[in-house]
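Asks: I'd like to ask you about the structure that follows.
There are 2 protein chains.
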Amino acid sequence: MENDKKAAKHKASMEKQKSNVDASIERADIERGLVLLLTGDGKGKSSSAFGMVIRSLGYDYKVGIVQFIKGQILSGEEIFIRDKHPEVEFYQMGTGFTWNTQDRESDIKAAEDTWAVAQKMLQDDSLHLVVLDEITYMLAYKYLDEDMIINAINNRPSEQTVVLTGRGGGKAIREAADTISEINDVKHAFRAGIKARKGVDF
Amino acid sequence: MENDKKAAKHKASMEKQKSNVDASIERADIERGLVLLLTGDGKGKSSSAFGMVIRSLGYDYKVGIVQFIKGQILSGEEIFIRDKHPEVEFYQMGTGFTWNTQDRESDIKAAEDTWAVAQKMLQDDSLHLVVLDEITYMLAYKYLDEDMIINAINNRPSEQTVVLTGRGGGKAIREAADTISEINDVKHAFRAGIKARKGVDF
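Protein chains in written order, with this note's numbering: chain B, 1288 to 1489; chain G, 1288 to 1489.
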């Protein structure tokens, strides 16, 4: 008896949730590529972008990835894409992490060269998804001009989705974004003295 | 002159950041598998888990994935793993999304069968990474016992990392987690009437 009541309550609640979701789906009728911003100081921004990469690859869509700030050591997802999915257009700034170079002029040059690659991708309508990983730092450090980036994003092919990652992002990027997820660092193993881990953190 | 000053200031600031990071890295000396919780109502939880999957695959580590709540249609990352990376142990609850079944008893049965697969993975020390996608809902709906899950996670092989995803999560899971990232929905295309997109949202 108790179980029957529970089951009936559950059914009613699930039906309600489903009808709410169905109604929202009906209202959403614009079809076009999106601009997504993955920001915040928590772990998971680039991972999430790479998760969307394989989501697109599942449908055999073409994908481009540009990484703006890169360490000297390739991380697991980069090795994976390079070795196992060479069909992905993949470009890395490749000057080593800017914290290590400590040379503003050479960083700006590297940022501009890397942007040239990104800009081409944003004009290529064969690309379903373009990831601009850690691009927000290029704006925070004023290595690249914000208007130039926003314009290129707004003028991309209408079917193309762009994913931007990195902390911060600034007002203009936030306005340009259709979807913003902010990943907050509620707890981090690092602070409990646990080492960054191969296959998890890099 | 102005540029020289800027460059010097930049160098000093970068050096400071680098030395802070280096000091933290030195303090972190515990090496073991982690428990990560990706939660919050924003877009990117499962994507982020799949990003860690390919990070591990980049090093040829073995990976297991169990998905607890699943739609009737396979999403892009699922097609990708199934078709292109059959080396991944991949199990889906496969009853269709619970909002559609609206049958508590059969959902519980499906949850228990799925948990049996997850439990095996949590005892398999050949697996470097185990993803339990959307497992938090199994607790929220009380389909699975929380203590049983926490015990299995705490008693897993010490080198194994576990990623848990889903909204909520409850106190016990939060305590068991070494790292918690909460993904907040700051803005969502859906609310502006833009349709969910193949290769991006599913």
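Virtual Cβ for every residue (Gly too), placed ideally from N, Cα, C. What you are looking at is a predicted structure, and each value in this text was computed from that prediction instead of being measured.
Please compile the residues from chain G whose C-beta is within a distance smaller than 9 Å of the C-beta of residue 1486 (chain B).
Replies: The contacting residues are 1339, 1342, 1343, 1344, 1345, 1346, 1348, 1350, 1415, 1416 and 1448.
Asks: Just curious, the beta strand (DSSP E) that residue 1352 (chain B) is in, first and last residue?
Replies: Start and end: 1349 to 1354.
Asks: Would you say residue 1473 (chain B) reaches chain G, if we count a Cβ-Cβ gap shorter than 8 Å as a contact?
Replies: For residue 1473 (chain B), the answer is yes, since a Cβ of chain G falls inside 8 Å of its Cβ.
Asks: Counting contacts by CB-CB distance shorter than 8 Å, is residue 1470 (chain G) in contact with chain B?
Replies: Yes - at least one Cβ of chain B is within 8 Å of the one on residue 1470 (chain G).
Asks: I'd like to know whether the C-beta atoms of residue 1328 (chain G) and residue 1420 (chain G) end up nearer to each other than 8 Å.
Replies: No. Outside cutoff.
Asks: What in chain G is Cβ-close to residue 1330 (chain B), meaning under 7 Å?
Replies: Result: 1466 and 1468.
Asks: Looking at the unbroken beta strand (DSSP E) that takes in residue 1468 (chain G), where does it start and where does it end?
Replies: Segment 1466 to 1474, the beta strand (DSSP E) holding residue 1468 (chain G).
Asks: How about residue 1470 (chain G) and residue 1331 (chain B): do their beta carbons lie closer than 8 Å?
Replies: Result yes, Cβ atoms of residue 1470 (chain G) and residue 1331 (chain B) sit closer than 8 Å.
Asks: Ordered along the chain, which non-local residues of its own chain (more than five positions away) have a Cβ less than 8 Å from that of residue 1441 (chain G)?
Replies: So the qualifying residues of the chain are 1463.
Asks: Please list the partners that residue 1381 (chain B) has in chain G, where partner means a Cβ-to-Cβ separation under 9 Å.
Replies: In chain order: nothing, as chain G lies at least about 17 Å away.
Asks: Using the beta-carbon of each residue, which ones in chain G are nearer than 9 Å to residue 1509 (chain B)?
Replies: Residue 1509 (chain B) lies beyond the residue range present for chain B, which begins at 1288 and ends at 1489; the question has no answer from this structure.
Asks: Taking Cβ positions, are residue 1325 (chain G) and residue 1484 (chain B) nearer each other than 8 Å?
Replies: The answer is no: Cβ separation not under 8 Å.
Asks: Tell me whether residue 1341 (chain G) sits in a helix, a strand or coil according to DSSP, three-state version.
Replies: Residue 1341 (chain G) falls in the helix class under three-state DSSP.
Asks: Using 8 Å as the limit for Cβ to Cβ distance, is residue 1256 (chain G) near chain B?
Replies: This structure cannot speak to residue 1256 (chain G), because chain G is shown only from 1288 to 1489.
Asks: What are the start and end residues of the alpha helix (DSSP H) that includes residue 1400 (chain G)?
Replies: Residue 1400 (chain G) -> alpha helix (DSSP H) spans 1391 to 1408.
Asks: Buried or exposed for residue 1481 (chain G), going by 16 or more other Cβ atoms inside 10 Å?
Replies: Counting Cβ neighbours within 10 Å, residue 1481 (chain G) comes out buried, since at least 16 surround it.
Asks: Can you find at least 3 beta carbon pairs, one from the region 1397 to 1415 of chain B and one from the region 1364 to 1373 of chain B, that sit closer than 8 Å?
Replies: The region 1397 to 1415 of chain B, when compared against the region 1364 to 1373 of chain B, does not touch it at the 8 Å Cβ threshold.
Asks: Helix, strand or coil, according to DSSP, for residue 1446 (chain G) in the structure here?
Replies: If DSSP states are grouped into helix, strand and coil, residue 1446 (chain G) belongs with coil.
Asks: What residues of chain B sit near residue 1395 (chain G), judged by a beta carbon separation below 7 Å?
Replies: Within 7 Å Cβ-Cβ: nothing; residue 1395 (chain G) doesn't reach chain B, min ~10 Å.
Asks: Please name the residue, chosen from B:1428, B:1339, B:1374 and B:1302, that lies closest to residue 1455 (chain B) on a Cα-to-Cα basis.
Replies: Out of B:1428, B:1339, B:1374 and B:1302, B:1428 has the C-alpha closest to the C-alpha of residue 1455 (chain B).
Asks: Let me check understanding here. Comparing Cα to Cα, which of B:1448, B:1381 and B:1390 lies closest to residue 1296 (chain G)?
Replies: Ranking the options by Cα distance to residue 1296 (chain G), first place goes to B:1390.
Asks: Whose C-beta lies closer than 8 Å to the C-beta of residue 1465 (chain B) among residues of the same chain, with five residues either side of it excluded?
Replies: For residue 1465 (chain B), where only same-chain residues beyond five positions count, the Cβ hits under 8 Å are 1321, 1322 and 1323.
Asks: Using beta carbons (cut-off 8 Å, strictly below), is residue 1421 (chain G) in contact with chain B?
Replies: Closer than 8 Å: no.
Asks: Given a threshold of 16 other Cβ atoms within 10 Å of its Cβ, counted over all protein chains shown, does residue 1342 (chain B) qualify as buried or as exposed?
Replies: It is buried - the Cβ of residue 1342 (chain B) has at least 16 other Cβ atoms within 10 Å.
Asks: At a CB-CB cut-off below 7 Å, which residues of chain G make contact with residue 1454 (chain B)?
Replies: Per Cβ cutoff of 7 Å: no residues; residue 1454 (chain B) is ~13 Å from chain G at best.
Asks: Could you please give me the residues that DSSP links to residue 1377 (chain B) through a beta bridge?
Replies: BP columns for residue 1377 (chain B) point to B:1352.
Asks: Classify residue 1488 (chain G) as buried or exposed, calling it buried when 16 or more other Cβ atoms lie within 10 Å of its own Cβ.
Replies: Residue 1488 (chain G) is buried by the Cβ-count criterion.
Asks: Please go through the same chain and pick out, in chain order, the residues whose beta-carbon is closer than 7 Å to the beta-carbon of residue 1405 (chain G), but skip the five residues on each side of it.
Replies: Excluding positions up to five away in sequence, the list reads 1353 and 1419.
Asks: Take residue 1336 (chain B) and list the residues in its own chain whose beta-carbon comes closer than 7 Å to its own, dropping the five residues that flank it on each side.
Replies: Within the same chain, residue 1336 (chain B) has close Cβ partners 1325, 1418, 1420, 1450 and 1452.
Asks: Might you give, ordered along the chain, the residues of its own chain that have their beta carbon closer than 7 Å to the beta carbon of residue 1344 (chain G), omitting 5 neighbours on each side?
Replies: Closer than 7 Å at Cβ, skipping near neighbours: 1350 and 1372.
Asks: Going by beta carbon distance, what residues of the same chain come within less than 7 Å of residue 1294 (chain G), once the five residues before and after it are set aside?
Replies: The answer is none, since no qualifying residue turns up.
Asks: Could you give the distance in angstroms between the alpha-carbon of residue 1467 (chain G) and the alpha-carbon of residue 1478 (chain G)?
Replies: The alpha-carbon atoms of residue 1467 (chain G) and residue 1478 (chain G) are separated by roughly 27 Å.
Asks: Beta-carbon of residue 1367 (chain G) versus every beta-carbon of chain B: anything under 8 Å?
Replies: Yes, residue 1367 (chain G) lies at the interface with chain B (some Cβ there is under 8 Å from its Cβ).
Asks: Tell me, please, whether the CB atom of residue 1426 (chain G) is closer than 8 Å to any CB atom in chain B?
Replies: Chain B, which has no Cβ nearer than 8 Å to the Cβ of residue 1426 (chain G), makes this no.
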